[in-house]
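K.L.:
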Ligand SMILES: NC(=O)c1ccc[n+]([C@@H]2O[C@H](COP(=O)([O-])OP(=O)(O)OC[C@H]3O[C@@H](n4cnc5c(N)ncnc54)[C@H](OP(=O)(O)O)[C@@H]3O)[C@@H](O)[C@H]2O)c1
């Protein structure tokens, strides 16, 4: 280990202006005696990045555009090359990958190759290339600690993975849990973005409304914990208090609980293996929670779940096609180009038309990702009328 408890842990945050990134900085601000910020990266929100520079004094930053508007940092990098440079900097003890979408994959691989530990929020990295990323991390002696609350919960529950029989991933059910399919078909962007429990970035919030997010999490869990798909179960738990659980071979079930706050898993992942006092608005109380409900997911109303299991079991570039098509369809929904249910129909169509490459190289993964996105955009924007099921 490159640091000890007295030394500050040197950290960079990819996506510091996003939902996870800003909450991570709130955690770090409270634990300022434990962390030193090396680099921050943003996409286009330069105003917020400038505020973060003034407060945290990173040595370098990276933006996807408008570098000339960045104030207060001597080293301003841009684009994927900039992200690569930040992730090659061995000054980092840990990098929090909190960018959204496929942009997270390459910098994560660069950081791993440079022996830098990863706190991983960006689930697309493992969905697209888990079979490459996880062995690479092992080879380089790098730890990947998940930020996603479900996987973070499982990480906290597991002592010996060989004794675990099943992973149980909880799902809040999103804004349409108690609505009809008809309600979903007519849902506005605002209704789909109104998640009852979590305030997150737009892409993941829409995926949570369709339960695609849970499907991506199943694939993420398969790679993180090397667990076969028939041993990963999803259960709907609207209160989002039980963040996930594991069942040991002897029938014992261990769950991780907590109030729904991303500060907790973010802090766990960046501080791991240490634990420090956290940001708690109130202490956990079973009597105040009063009840915890669980139910099976409705696979007909939320067909993305089965599609994700199918893609995961197929393996290779099947999950790349699923992820790329969904991401483009979600963007189109957010722009008002298609309806909510069309996201599934379009993704399924793209997914079914893809002939998966098994054991793909990274180059093949990027090529499939590019091709599927182009085809998806062609399908969406080449039509005058929206699809509907
Ligand atoms: N939010 C959650 O509670 C949560 C929970 C579990 C897992 N996750 C995962 O964590 C990741 C981030 O989610 P989020 O909700 O924090 O997303 P978000 O709020 O949309 O933030 C995304 C971040 O990535 C940056 N970014 C986007 N596109 C970029 C590009 N092309 N180049 C460089 N930077 C880019 C954004 O920059 P600008 O804003 O400056 O453009 C922003 O800093 C996702 O993979 C998500 O699935 C999130």
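In the working numbering, the protein residues as written are 23 to 411. All C-beta atoms, glycine included, are put in the ideal place defined by N, C-alpha and C. Predicted model, so just to flag it, every value in this text is computed and none were measured.
Closest by CA to residue 91, which one among 73, 141, 383?
P.N.:
73
K.L.:
In this structure, how does DSSP classify residue 57 when only helix, strand and coil are distinguished?
P.N.:
The answer is strand: DSSP assigns residue 57 an E or B state.
K.L.:
Less than 8 Å between the C-beta atoms of residue 278 and residue 179, yes or no?
P.N.:
yes
K.L.:
I'd like to confirm something about residue 223: is its beta-carbon nearer than 7 Å to some heavy atom of ligand 1, or not?
P.N.:
yes
K.L.:
Exposed or buried, residue 93, counting other C-beta atoms within 10 Å across all chains shown (16 or more means buried)?
P.N.:
exposed
K.L.:
Of all the options 40, 352, 189, which has the alpha carbon lying nearest to the alpha carbon of residue 232?
P.N.:
352
K.L.:
Quick one: is the Cβ of residue 146 within less than 7 Å of any heavy atom of ligand 2?
P.N.:
Ligand 2 is not part of this structure, which contains only ligand 1.
K.L.:
What distance in whole Å lies between the Cβ atoms of residue 346 and residue 383, which are believed to be in contact at a cut-off of 8 Å?
P.N.:
Contact doesn't hold; Cβ gap of about 17 Å is too wide.
K.L.:
Taking only beta-carbon atoms, is residue 204 less than 8 Å away from chain C?
P.N.:
No chain C is present in this structure, which holds just one protein chain.
K.L.:
Measure the alpha-carbon distance for residue 339 versus residue 140 and round it to whole angstroms.
P.N.:
24 Å
K.L.:
Quick check on residue 275: buried or exposed, where buried means 16 or more other Cβ atoms within 10 Å of its Cβ?
P.N.:
By the 16-neighbour rule on beta-carbons within 10 angstroms, residue 275 is exposed.
K.L.:
What is the rounded straight-line gap between the Cα of residue 285 and the Cα of residue 306?
P.N.:
14 Å
K.L.:
For residue 331, count the other beta carbons within 10 Å of its own beta carbon; 16 or more makes it buried, fewer makes it exposed. Which is it?
P.N.:
buried
K.L.:
Can you give me the start and stop residues for the alpha helix (DSSP H) that residue 215 sits inside?
P.N.:
211-215
K.L.:
When DSSP labels each residue in this structure, what does residue 328 get in the three-state scheme?
P.N.:
helix
K.L.:
Work out the CA separation of residue 370 and residue 335 for me, nearest whole Å.
P.N.:
16 Å
K.L.:
Kindly give me the distance between the Cβ atoms of residue 363 and residue 206, rounded to whole angstroms, as I take these residues to be in contact under 8 Å.
P.N.:
6 Å
K.L.:
Residue 169 and residue 143: beta carbons closer than 8 Å?
P.N.:
yes
K.L.:
Which value, in whole angstroms, describes the spacing of the CA atoms of residue 410 and residue 365?
P.N.:
With a pLDDT of 40 at residue 410, under the threshold of 50, the modelled position of this residue cannot be trusted; read the value that follows with caution. Roughly 9 Å separates the two Cα atoms.
K.L.:
List the endpoints of the continuous beta strand (DSSP E) containing residue 36.
P.N.:
31-36
K.L.:
Per DSSP, which residues does residue 135 bridge with? Please list them.
P.N.:
According to DSSP, which records beta bridges pairwise, residue 135 is partnered with nothing at all.
K.L.:
Which one or two residues does DSSP pair with residue 266 in a beta bridge?
P.N.:
191, 278
K.L.:
Could you tell me which uninterrupted beta strand (DSSP E) segments, each at least 3 residues in length, are contained entirely in the stretch 133-169, listed from first to last along the chain?
P.N.:
Correct list: 139-142, 166-168.
K.L.:
How would you write the range of the alpha helix (DSSP H) that residue 369 sits in, first residue to last?
P.N.:
If you look at residue 369, you'll find it in the alpha helix (DSSP H) that goes 362-375.
K.L.:
Go to residue 254, then tell me how far its beta strand (DSSP E) extends in each direction, as first and last residue.
P.N.:
254-258
K.L.:
Could you check what DSSP says for residue 336 in three-state terms: helix, strand or coil?
P.N.:
Residue state, collapsed to three classes: helix.
K.L.:
What residue from 361, 386, 315 has the CA that sits closest to residue 402's CA?
P.N.:
361
K.L.:
Taking only the alpha-carbon atoms, compute the straight-line gap between residue 337 and residue 380 and give it to the nearest angstrom.
P.N.:
When rounded, the distance between both Cα atoms is 7 Å.
K.L.:
Any heavy atom of ligand 1 within a distance shorter than 7 Å of the CB on residue 206?
P.N.:
Checking the Cβ of residue 206 against ligand 1 gives no.
K.L.:
Cβ atoms of residue 59 and residue 84: under 8 Å apart, would you say?
P.N.:
no
K.L.:
How would you label residue 455, buried or exposed, when you count the other beta carbons within 10 angstroms and need 16 or more for buried?
P.N.:
Here the chain covers residues 23 to 411 and nothing more, so residue 455 does not appear.
K.L.:
Considering only residues of the same chain and omitting the five flanking positions on each side of residue 421, which have a CB-CB separation below 6 Å?
P.N.:
Past the boundaries of the shown model lies residue 421; the chain is included only from 23 to 411, so the question cannot be answered.
K.L.:
DSSP three-state label for residue 317, please.
P.N.:
strand
K.L.:
Anyone know if the C-beta pair for residue 41 and residue 222 falls short of 8 Å?
P.N.:
yes
K.L.:
For residue 254 and residue 202, I'd like the C-alpha separation in whole angstroms.
P.N.:
27 Å
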